[in-house]
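Quick note: the sequence shown uses the working numbering, first residue 702, plus one each step. Beta carbons are placed, not taken as given, at the ideal position from N, Cα and C, and that holds for glycine. As structure tokens, the structure follows; a few thoughts come after it.
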Amino acid sequence: MNEIAPALLEGWMRDYYFNTEIDIGSSGVENFSLAELYQLTDLTPEELNRVVFHDSSSLGNFGLRKEIALRWGNGDPEQVMVTHGSSEAIFLIMNGLLQADDEIVVLDPCYQQLFSIAESIGCKLQPWRLRFEHNFAPNVEEAKRLITSRTRMVVVNFPHNPTGASLTPEEQAELIGAVAEVGAYLVWDAAFADITYNGSPLPNPNLQYDRSISMGTFSKAYGLPGLRFGWCIASPDVLARFVHLRDYITLHLSPLVELIAQRVIEKADRLLNIRLQQACTNLEILSEWVEQHQNFVDWARPQGGVCAFLHLRGISDTETFCHSLANNYKVLLVPGSCFNYQGHVRLGFGGATSDLNEGLIRLSKALATYSVNDHSC
Ligand SMILES: Cc1ncc(COP(=O)(O)O)c(C=O)c1O
């Protein structure tokens, strides 16, 4: 077991999330308040008052798992486990299914938890690269060359953080076929699955391949990151391994969180449609801004999610630029270094439209005045 690497994105957020004014760096939509949940779902204060803080069950309350299975799975609640955000699911998946020397194919760049835990276990990583020169389009032929009889697990996240790239349904089917051919696990991080711009969300691979493990979360498309609610869908024998591990860490979710989550799922489309509409409006604003700032930036338009991975022309050290932007303009943007990808920044456009507009005004000023020599703007 190697020491686990510091999570670079979480470190950046720790430094700047709470002391900037405008957030155009986060990967979620505008967050909801409890008062808004009362309006948008059938949840009532009286119902919250009736919650008794007893233990919940290891996999989560059955009715809640049933709702998740009906909306995102194959209808079978026995294949669902609720988790503290999808981060907990990722931790359980990696620690429950991997051993030293296992080979895993994983997207690069990628949300760090999807590979650093495996690395710390001593796994060998085979990066499936997304290249800006190719508009970050995933090349399934390349993945197929990386997937061999030695592959234990293939780890993907579509729509993708940080680029917004995705697969077509045909490419997804091809990828699933390649993974099934060698009998590896397919880990499908569906954090942004419900936000797409060119067609319907991709189907859950669990419907086609029983060694798939998919994860979902309320932290991104549903605007509830502070609820810490997520889930994973997998075969019952795989979930049993996760329960075994969780018995040593978090045991189960709070009945309060489970109640709120259940009401949200029952009215999920209400929350989603509001934020999806906002994301579409914001993406158009961002597209126009990119068009007007071609001297400074270049991009691959996202297919889904609410992140774009902008290339900043002439600024290879985007980390210094982002420090300067946060300190001098109070704007949160995430440098590509958090994803081991230089020359780029992650811009999150899912927030309030007024914040995006103000953030882009300040970013324009910073780019126009940034001096590569004295590293200030
Ligand atoms: C791709 C991806 N997966 C999982 C997560 C974990 O989120 P949470 O634990 O809040 O569900 C994130 C958070 O940024 C993410 O970007």
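Selection from the options that minimises the alpha carbon distance to residue i
i, options, result
"residue 859", "1035, 986, 872", "872"
"residue 829", "817, 814, 846", "846"
"residue 885", "1065, 743, 914, 730", "914"
"residue 815", "709, 833, 928, 903", "709"
"residue 905", "881, 774, 945", "774"
"residue 1047", "812, 804, 803", "812"
"residue 728", "907, 1008, 1070", "1008"
"residue 1029", "1041, 1064, 1005, 1042", "1064"
"residue 999", "1066, 912, 1013, 916", "1013"
"residue 722", "1067, 957, 1059, 804", "1059"
"residue 713", "1069, 808, 1032", "1032"
"residue 889", "855, 1006, 782", "855"
"residue 731", "995, 1039, 980", "980"
"residue 958", "785, 911, 702", "785"
"residue 803", "765, 791, 789, 849", "849"
"residue 799", "839, 852, 835", "852"
"residue 941", "702, 781, 703, 706", "781"
"residue 1071", "1052, 842, 1041, 1015", "1015"
"residue 831", "868, 801, 805", "868"
Bridge-paired residues (DSSP) for residue i
i, result
"residue 915", "889, 934"
"residue 1023", "Partner(s): none; residue 1023 has no beta bridge."
"residue 1047", "1010, 1035"
"residue 723", "1032"
"residue 998", "1013"
"residue 782", "933"
"residue 1005", "897"
Terminal residues of the beta strand (DSSP E) in which residue i lies
i, result
"residue 805", "804–809"
"residue 825", "825–830"
"residue 702", "That residue, residue 702, is in no beta strand (DSSP E); it is neither H nor E in DSSP."
"residue 869", "From DSSP, residue 869 is part of no beta strand (DSSP E); its letter is neither H nor E."
heavy atom of ligand 1 below 7 angstroms from residue i C-beta
i, result
"residue 926", "yes"
"residue 920", "yes"
"residue 787", "yes"
"residue 858", "yes"
"residue 923", "no"
"residue 708", "no"
"residue 862", "yes"
"residue 728", "yes"
"residue 812", "yes"
"residue 966", "no"
"residue 791", "yes"
"residue 1009", "no"
"residue 890", "yes"
"residue 712", "no"
"residue 931", "yes"
Limits of the alpha helix (DSSP H) - the one that residue i falls within
i, result
"residue 853", "Unbroken run through residue 853 is the beta strand (DSSP E), 852–858; no alpha helix (DSSP H)."
"residue 901", "That residue, residue 901, is in no alpha helix (DSSP H); it is neither H nor E in DSSP."
"residue 769", "763–773"
"residue 739", "735–741"
"residue 957", "956–967"
"residue 837", "Note, residue 837: premise wrong, no alpha helix (DSSP H); not H, not E."
"residue 1063", "1054–1070"
"residue 750", "746–750"
"residue 819", "814–822"
"residue 729", "Looking at the DSSP string, residue 729 is not in any alpha helix (DSSP H), and its letter there is neither H nor E."
"residue 949", "Segment: none, residue 949 is in no alpha helix (DSSP H) and carries neither H nor E."
"residue 1082", "The structure shown has nothing for residue 1082, since the chain only spans 702 to 1078."
"residue 712", "709–717"
Cutoff 8 angstroms: residue i Cβ touching any chain D Cβ
i, result
"residue 883", "Here chain D cannot be found, since the structure has a single protein chain."
**OP:** Determine, using beta-carbon pairs with one atom in the stretch 894–903 and one in the stretch 740–755, whether at least three such pairs fall under 8 angstroms.
**Re:** no
Original post:
For the stretch 937–953 against the stretch 1017–1028, are there 3 or more C-beta pairs whose distance is under 8 angstroms?
Top reply: Judged by pairs of C-beta atoms under 8 angstroms, the stretch 937–953 does not touch the stretch 1017–1028, as fewer than three such pairs exist.
Original post:
Are the stretch 818–831 and the stretch 788–800 touching, with three or more C-beta to C-beta distances below 8 angstroms?
Top reply: yes
Original post:
Are there three or more Cβ pairs, one per stretch, closer than 8 angstroms when the stretch 737–745 is compared with the stretch 757–776?
Top reply: no
Original post:
Counting Cβ pairs closer than 8 angstroms, one from the stretch 923–941 and one from the stretch 758–778, do we hit at least three?
Top reply: yes
**OP:** Spell out a yes or no on whether the stretch 918–932 and the stretch 969–976 are touching, meaning 3 or more CB-CB pairs, one atom from each, closer than 8 angstroms.
**Re:** yes
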